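The end of the sequence shown is residue 597 by my numbering, with every number in the run present.
Virtual Cβ for every residue (Gly too), placed ideally from N, Cα, C.
Predicted, not measured: the structure shown is a model, and the values here were computed from it.
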Amino acid sequence: MFYYEVALLKSPLNPLTYQSEKEIQVGTKVAVKLRNRKALSDAVVVKVVEKPEFKCVSIDEVSCEYYDTQMLETAKFVSQYYVCSLGEALSVYIPFNKDIKILDEKQTFDCQIFLSREQTKAYDFLNEKKQALLFANTGSGKTEIYIKIIEKHLNENKQAILLMPEISLTPQMQKRLEKVFDKSVAIWHSKITKKKKTEILQGLQEGSIKLIAGARSALFLPYSNLGVIVVDEEHDESYKSDSKPRFHTKDLSIYMAKKFDIQLVLGSATVSTSSFHKVPFIRLTQTYHDTSKKYKFDDSDASLSIPILNQISKTLESKNQVIIFLPTRANFKYQICTSCGKSVECPYCSVSMSLHKNDLALKCHYCGYAEKIPEFCPSCKTGVIHNLRVGTAQIEEELNEIFKDKVIKRFDRDKVKTNTQLKTILNEFNKGDIDILVGTQMLSKGHDYHNVKLAVVLGIDSLLNMNSYKARERALSLLIQISGRSGRKGEGEVIIQTKNEDFFDFYLNESNYEEFLETELKFREGLYPPYLKMAKVIFAHTNGLKVKDELDFYVKKLKENKDIEVVGFGQSPIFKMANKFRYEIILRSSNVKALLTSLHSITSPMASIDMDTIY
-17 MFYYEVALLK
-7 SPLNPLTYQS
3 EKEIQVGTKV
13 AVKLRNRKAL
23 SDAVVVKVVE
33 KPEFKCVSID
43 EVSCEYYDTQ
53 MLETAKFVSQ
63 YYVCSLGEAL
73 SVYIPFNKDI
83 KILDEKQTFD
93 CQIFLSREQT
103 KAYDFLNEKK
113 QALLFANTGS
123 GKTEIYIKII
133 EKHLNENKQA
143 ILLMPEISLT
153 PQMQKRLEKV
163 FDKSVAIWHS
173 KITKKKKTEI
183 LQGLQEGSIK
193 LIAGARSALF
203 LPYSNLGVIV
213 VDEEHDESYK
223 SDSKPRFHTK
233 DLSIYMAKKF
243 DIQLVLGSAT
253 VSTSSFHKVP
263 FIRLTQTYHD
273 TSKKYKFDDS
283 DASLSIPILN
293 QISKTLESKN
303 QVIIFLPTRA
313 NFKYQICTSC
323 GKSVECPYCS
333 VSMSLHKNDL
343 ALKCHYCGYA
353 EKIPEFCPSC
363 KTGVIHNLRV
373 GTAQIEEELN
383 EIFKDKVIKR
393 FDRDKVKTNT
403 QLKTILNEFN
413 KGDIDILVGT
423 QMLSKGHDYH
433 NVKLAVVLGI
443 DSLLNMNSYK
453 ARERALSLLI
463 QISGRSGRKG
473 EGEVIIQTKN
483 EDFFDFYLNE
493 SNYEEFLETE
503 LKFREGLYPP
513 YLKMAKVIFA
523 HTNGLKVKDE
533 LDFYVKKLKE
543 NKDIEVVGFG
553 QSPIFKMANK
563 FRYEIILRSS
573 NVKALLTSLH
583 SITSPMASID
593 MDTIY
């Protein structure tokens, strides 16, 4: 009889011991019975152990799927560093399949891309350093450098990953990669069909697919000979998982590259402060096309002021296109009563609901609850509701009234829910069938708009004034990314509606972004990442008193640890979400080991832990 520890996939439980009459290889996916459960649970054999003193249950099924050494070692790191069970860490991976036969086919690629002197210098630097950062201005040709590096590895019969924020997986990027790598490239993200995913996994393991371009989940596919990981738009916060395990894809890529001797290329026009501080970088400032930008500032309170409308009109008359950015979707973000001053809140979350006129509803963007638009204030029953903080749908509506003969479309999560919708809108815009595109942060994600001569940025102050140590970096990075969509060839204009002209005006030029990063690092020294580690612990429960007691217990316990600092604690900014009351503790420390030890000591079922929190 053989005895094994198995990690239960997606379960918070620690590994359990099972027995088997047959010898099973560590890493094999199996199915086991759990007490009180009729259905079998998926699990992974993680360790061979001696016969225990207690009686063991037998492993029911042994599958043809397995997790290799790299997967197991990385999952152990994720489990330790991001404070989750080994089963939860392994559940992000798609395992290998023993039944898939490896094809012995070697392909040679010639991308026919000729790098400039500056690009060649960057290419050589990235290869020499092995793990490095490409700090490249918008339009300086970083994609060409990525393709040349990927080509080198594929010609050595290795595999490659190109990671992008999900919404950056544009038809343009897909076409560029397929032109060079043909059927050896596959696109991977959450919206592709199950059938397509099965085909890609088959091709990847057979060896016919050598390059995966995709969102963060692309990092967890079965690679047998990975040569390079490229993380494009490395500053983007969508690389941080918002569900357990709360890993950061970029940081995990850095760990894997160092641990398993894989080349790593991080790239961005607005690199993150942490990468700038920690990773060797090369600056690329020369752009492919001669471009010039004019920046104008508008401090009016009207969302679409007269100067903004005049400039939109002028741009459209010259047969050019316009993009308009807002941080908020829907028609309006808040509904405030003119009599009692109270907002219309979601009954399950302590947040104001957003007005969606087309659906004749108020919707909560946190739990999805919706209700019809009230005639009078739900609190005082007499007051009339007043709308505050305009959203994309409202701006679209107002522009349609003003520019009746123009085509205006929205580009946000309410309008773009599938990959097909994304491709359709971008293709229409690039063909010139859309005159004005109104959108949220999706507008900034690396899309190459050829005929945009005006970018209008509204509501940027709401991001700058957020209660976060990253607020300045977040707002400036986003503004530069959106500005970069205007005037990709030739002249472009950017109008920024803000009360903080001095801050934005000084740092807006991409060449000044490096100076901003240096200033920001001085400000953070001794207080915030990348100098200290920070973590957030959220306690949530339907019983408000019970969860408050749990918070108080752990605040007292954590304050006793002299190696960590309790920065703050209390109600979460969104106190109630999906009918659960929420409290949080913010921790920081220069001692990573001490911080992780304290986080692992939190055993409350009400707690969720976010190591390296970005808020």
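Problem set entry | Option nearest Asn(-4) by Cα separation, candidates Leu72, Glu35 and Asn18 | The alpha carbon of Asn(-4) has as its nearest neighbour, out of Leu72, Glu35 and Asn18, the alpha carbon of Leu72.
Problem set entry | Nearest-angstrom Cβ-Cβ length linking Met588 and Phe521, presumed shorter than 8 Å | 5 Å
Exercise. Are the CB atoms of Glu547 and Leu569 nearer to each other than 9 Å?
Worked result: yes
Exercise. First and last residue of the alpha helix (DSSP H) that includes Pro147?
Worked result: From DSSP, Pro147 is part of no alpha helix (DSSP H); its letter is neither H nor E.
For this session: Label Phe498 either buried or exposed according to how many other C-beta atoms from any shown protein chain fall within 10 Å of its C-beta, with 16 as the threshold for buried.
Result: With 16 or more other Cβ atoms from the protein chains shown falling within 10 Å of its own Cβ, Phe498 counts as buried.
Problem set entry | Distance, Thr269 Cα to Leu612 Cα | The requested residue 612 does not occur in the structure, where the chain is confined to residues -17 to 597.
Problem set entry | CA-to-CA distance, Asn494 to Ser166, given in whole angstroms | Approximately 39 Å between the Cα atoms of the pair.
Problem set entry | Residues near His347 by beta carbon distance below 7 Å, same chain, minus five either side | Ser336
Exercise. Looking only at C-alpha atoms, which of Phe385, Gln423, Lys427 and Tyr277 sits nearest to Leu445?
Worked result: Gln423
Exercise. Are there 16 or more other CB atoms within 10 angstroms of the CB of Val39, so buried, or fewer, so exposed?
Worked result: exposed
Exercise. Out of curiosity, what's the CA-to-CA distance linking Gly249 and Gln184?
Worked result: 30 Å
Exercise. Got a sec, what are the start and stop residues for the beta strand (DSSP E) Thr(-1) sits in?
Worked result: If you look at Thr(-1), you'll find it in the beta strand (DSSP E) that goes Leu(-2) to Ser2.
Exercise. Which full runs of the beta strand (DSSP E) of 3+ residues lie inside the region 207 to 252, going along the chain?
Worked result: 208 to 214 and 245 to 250
Exercise. Which residues in the same chain as Lys130 place their Cβ atom closer than 7 Å to its Cβ, once the five residues preceding and following it in sequence are excluded?
Worked result: Cys93, Ile95, Leu97 and Tyr105
Exercise. Expressed to the nearest angstrom, what Euclidean distance is found between the alpha-carbon atoms of Val519 and Thr501?
Worked result: 29 Å
Problem set entry | Of the residues Phe551, Tyr565 and Leu440, the one placed nearest Ser282, counting alpha carbons only | Leu440
For this session: Kindly confirm or deny that the region 237 to 249 and the region 208 to 217 touch, where touching means at least three C-beta pairs closer than 8 Å.
Result: The way I'd put it, the region 237 to 249 does touch the region 208 to 217; three or more beta-carbon pairs between them come closer than 8 Å.
Exercise. According to the neighbour-count rule (16 or more other Cβ atoms, all chains shown, within 10 Å of its Cβ), is Val27 buried or exposed?
Worked result: buried
Exercise. How long is the line joining the alpha carbons of Ile290 and Leu577, rounded to whole angstroms?
Worked result: 49 Å
For this session: Below 6 Å CB to CB, which residues in the same chain sit around Lys112 once its five sequence neighbours on both sides are set aside?
Result: Gln245
Exercise. Does DSSP put Lys83 in a helix, in a strand, or in coil?
Worked result: coil
Problem set entry | Beta-carbon proximity list for Tyr510, same chain, < 8 Å, skipping 5 on both sides | Taking Tyr510 as the centre and dropping the five residues before and after it, the same chain places the C-beta of Tyr451, Met516 and Arg570 closer than 8 Å to its C-beta, in chain order.
For this session: Please name the residue in Gln463, Phe91, Gly121 and Ser235 whose C-alpha comes closest to that of Ala161.
Result: The sequence shown places Lys at residue 161, not Ala. The option with the nearest alpha carbon to Lys161 is Phe91.
Exercise. Given a threshold of 16 other Cβ atoms within 10 Å of its Cβ, counted over all protein chains shown, does Gly123 qualify as buried or as exposed?
Worked result: buried
For this session: May I ask you to list the residues that DSSP assigns as paired with Lys354?
Result: Ala343
Exercise. How is the beta strand (DSSP E) around Lys435 delimited, first residue to last?
Worked result: Val434 to Val439
Problem set entry | Whole runs of the alpha helix (DSSP H) within the region 35 to 106, excluding any shorter than 4 residues | 51 to 63 and 68 to 72
Exercise. Quick one, are the C-beta atoms of Val476 and Tyr597 less than 9 Å apart?
Worked result: No. Outside cutoff.
Exercise. What does a CB cutoff of less than 8 Å around Gly189 pick up in its chain, not counting 5 residues either side in sequence?
Worked result: Ile84, Leu85, Asp86 and Glu87
Exercise. Between Gly550 and the rest of its own chain, which residues show a CB-CB distance below 8 Å, the 5 nearest in sequence each way excluded?
Worked result: Ile567 and Ile568
For this session: Have a look at the DSSP bridge pairing and note the partners of Tyr(-14).
Result: Tyr0 and Val30
Exercise. Can you give, in chain order, each stretch of the alpha helix (DSSP H) that sits fully within the region 474 to 505 and has at least 4 residues?
Worked result: 483 to 489
For this session: Can you say whether His217 is buried or exposed, counting buried as having 16 or more other CB atoms within 10 angstroms of its CB?
Result: buried
For this session: Indicate the three-state DSSP secondary structure (helix, strand or coil) for Ile198 in the structure shown.
Result: Checking the sequence shown, residue 198 turns out to be Arg, not Ile. DSSP places Arg198 in helix when its eight states are reduced to three.
Exercise. Comparing alpha-carbon positions, which option in Lys11, Leu144 and Ile384 lies nearest Lys80?
Worked result: Lys11
Exercise. With a Cβ-Cβ cutoff of 9 Å, do Leu115 and Val253 count as a contact?
Worked result: Cβ distance < 9 Å, so Leu115 and Val253 count as in contact.
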